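Residue numbers for the sequence shown follow the numbering used here, beginning at 27 and rising by one.
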Amino acid sequence: SSTAEDAVPRPGGPYGVSKLAATELVLGSGLDAVVLRVFSPAGPGTPAGSPLGRLAEAMRRAMQSGDGELKLGGLGAQR
């Protein structure tokens, strides 16, 4: 599910609480700063054993075989 940019943050656990605290610390510091929340970066050098590395390999095989369909497991994980 997506979340609107102006939604009130409601972290779902310690990881989220730590991310929100860091964001508030930076934004409240008075510094000319930007907070970026990069998620699931992929590109050259992505470890082959990582979830994104395995996905990239599965996509490559599907494209090479002309299969045109890639079945994935559950996509409901949240942090």
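Yeah, the Cβ is synthetic: ideal placement off N, Cα and C, and Gly gets one too.
Since we're looking at a predicted model, the values are computed, not measured.
- Message: Suppose you measure from the CA of Leu46 to the CA of Pro35; what does that come to, to the nearest Å?
- Response: Counting from 1 along the sequence shown, the entry for residue 46 is found at position 20. Counting from 1 along the sequence shown, the entry for residue 35 is found at position 9. In a straight line, the C-alpha of Leu46 is about 8 angstroms away from that of Pro35.
- Rounded to a whole number of angstroms, what is the C-alpha to C-alpha distance between Leu53 and Gly38? Reading the sequence shown from its first residue, position 27 is the one you call residue 53. Reading the sequence shown from its first residue, position 12 is the one you call residue 38. The alpha-carbon separation between Leu53 and Gly38 amounts to approximately 21 angstroms.
- Enumerate in chain order the residues of its own chain whose CB-to-CB distance from Thr72 is below 6 angstroms, with the five nearest sequence positions on each side excluded. Here the question's residue 72 lines up with position 46 in the sequence shown. Around Thr72: Leu78, Gly79.
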